[in-house]
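Residue 24 is where the sequence shown starts when you use the working numbering, and the numbers rise one by one after that. Glycine is no exception: its CB is placed at the ideal position from the N, C-alpha and C atoms. For clarity, every value in this text was computed on a predicted model and none was experimentally measured.
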Amino acid sequence: MQKAQTAPVKDRKRLKSLAVEQMAVQALFERTLSQRGPFTWSDMFAPEFVNAVHNRLFRGASDAERTLSDGSIMQPGILRSVTGQNVIVGNHDAPDASAVEAMLRHLQSGFGRQTDPRRQLISSLAYHHRLAWVHPFTDGNGRVARLITHLQLVHLELEPTLWSLSRGLARRHQDYYSALTMADRPREGDLDGRGQLSQRRYFEFIEFMLQVCHDQVDYMIAAVDPSQLRERVIRAFRYNERLLQQGIRPESAPAIIALITQGSLPRNEIKTFTGLTPRPAIDELSRLIKVGLVESRTPKSRIVTPGLPAWFAQDVFPDLHRRFQ
Numbered sequence: 024m025q026k027a028q029t030a031p032v033k034d035r036k037r038l039k040s041l042a043v044e045q046m047a048v049q050a051l052f053e054r055t056l057s058q059r060g061p062f063t064w065s066d067m068f069a070p071e072f073v074n075a076v077h078n079r080l081f082r083g084a085s086d087a088e089r090t091l092s093d094g095s096i097m098q099p100g101i102l103r104s105v106t107g108q109n110v111i112v113g114n115h116d117a118p119d120a121s122a123v124e125a126m127l128r129h130l131q132s133g134f135g136r137q138t139d140p141r142r143q144l145i146s147s148l149a150y151h152h153r154l155a156w157v158h159p160f161t162d163g164n165g166r167v168a169r170l171i172t173h174l175q176l177v178h179l180e181l182e183p184t185l186w187s188l189s190r191g192l193a194r195r196h197q198d199y200y201s202a203l204t205m206a207d208r209p210r211e212g213d214l215d216g217r218g219q220l221s222q223r224r225y226f227e228f229i230e231f232m233l234q235v236c237h238d239q240v241d242y243m244i245a246a247v248d249p250s251q252l253r254e255r256v257i258r259a260f261r262y263n264e265r266l267l268q269q270g271i272r273p274e275s276a277p278a279i280i281a282l283i284t285q286g287s288l289p290r291n292e293i294k295t296f297t298g299l300t301p302r303p304a305i306d307e308l309s310r311l312i313k314v315g316l317v318e319s320r321t322p323k324s325r326i327v328t329p330g331l332p333a334w335f336a337q338d339v340f341p342d343l344h345r346r347f348q
């Protein structure tokens, strides 16, 4: 058994770059979920899905960035059951490497069979801890768990592109790590469940995660103040370099204001908000889709939804994407 190895601490510039890369990976998986036929709830817990998320998050990193403190190089998307590495995470002895894949299958069979949306939400938050507890990879498990939870919320159509669980966890990161650690505790007496781990602490973790979700939804309700939203979007359309470079007109700002406010709009209606005649309006909508401000499930979807890439969200919603330090 060896102590869990971690990648060296990165400088602020690299942390910012990693945050942008993670947003790109998140957007990729969101598009995949919306475009690839029926993705079942059980699929969202599959070991193959866990592997794919880890692989996508880290495959673009250099060997130096994936070099752990013991000198070994973390392999993206490779479970500990393959590498045979047993680790200690803080005071937690992670499950034996040989048991990792079987444990992930067991979690999938339990959490993935839920059909009621309320139970699915609870199962997603509960799985977040259990996935971190299994510690399936030598490094990067926290980022994987947070992204998978986000994608599960996307699957449930809870619109986590408009509110951010990850932001809430970043703002309360000490409470978050404390809740995770407490949920690792062994059973505390005969009235504390029937498994090896404390049921009471586990329930407290789930309640904490629900509280963070509620806090972030409340934050977004307050943030989307009509007058402030209008001013910030108009300012972004006038001065944001990315929008100017793409040739997007400042006069198209009302289209995005309406889309964010309504949550979705018919394609023809958002073109009307640009104030352009049909052909130029089609071209303008294409540019808005290209930069990520408008999302369309297919090239001809009748309904479009707002996109909030980090570079735009930071202009419109201050402190929206505070990352983990």
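Check: Identify which residue in THR63, ARG153 and PHE68 has its Cα closest to the Cα of GLN222.; Outcome: ARG153
Check: With distances taken from CA atoms, which of PRO329, ALA155 and LEU174 is nearest MET205?; Outcome: ALA155
Check: Tell me, to the nearest whole angstrom, how far the beta carbon of LEU185 is from that of HIS173; I am working on the premise that it is less than 8 Å.; Outcome: Their Cβ separation, rounded to whole angstroms, is 12 Å, which puts LEU185 and HIS173 out of contact at 8 Å.
Check: Buried or exposed, going by whether 16 or more other CB atoms sit within 10 Å of the CB of VAL32?; Outcome: Because the pLDDT of VAL32 is 45, which lies under 50, any placement of that residue in the model is unreliable, and the number read from its coordinates should be weighed accordingly. The residue in question, VAL32, is exposed, as its Cβ has fewer than 16 Cβ neighbours within 10 Å.
Check: In terms of residues, what are the limits of the beta strand (DSSP E) holding ILE111?; Outcome: 110-112
Check: Considering just the uninterrupted stretch of the beta strand (DSSP E) at PRO329, what are its terminal residues?; Outcome: 326-329
Check: How would you label ASP198, buried or exposed, when you count the other beta carbons within 10 angstroms and need 16 or more for buried?; Outcome: exposed
Check: Less than 7 Å between the beta carbons of ALA246 and PHE340, yes or no?; Outcome: yes
Check: What are the boundary residues of the alpha helix (DSSP H) that includes ARG166?; Outcome: 164-178
Check: Does the distance from the CB of SER287 to the CB of ILE326 come in under 7 Å?; Outcome: yes
Check: If you pair each beta-carbon of the segment 132-148 with each one of the segment 94-110, do three or more pairs fall below 8 Å?; Outcome: no
Check: Is VAL317 helix, strand or coil when you go by DSSP?; Outcome: strand
Check: Assess contact between the segment 251-264 and the segment 300-313, defined as three or more Cβ pairs (one per stretch) separated by less than 8 Å. Is contact present?; Outcome: no
Check: Suppose the cutoff is 6 Å on Cβ atoms and the five residues either side in sequence are ignored; what does the same chain contact list for PRO329 look like?; Outcome: LEU282 and ILE283
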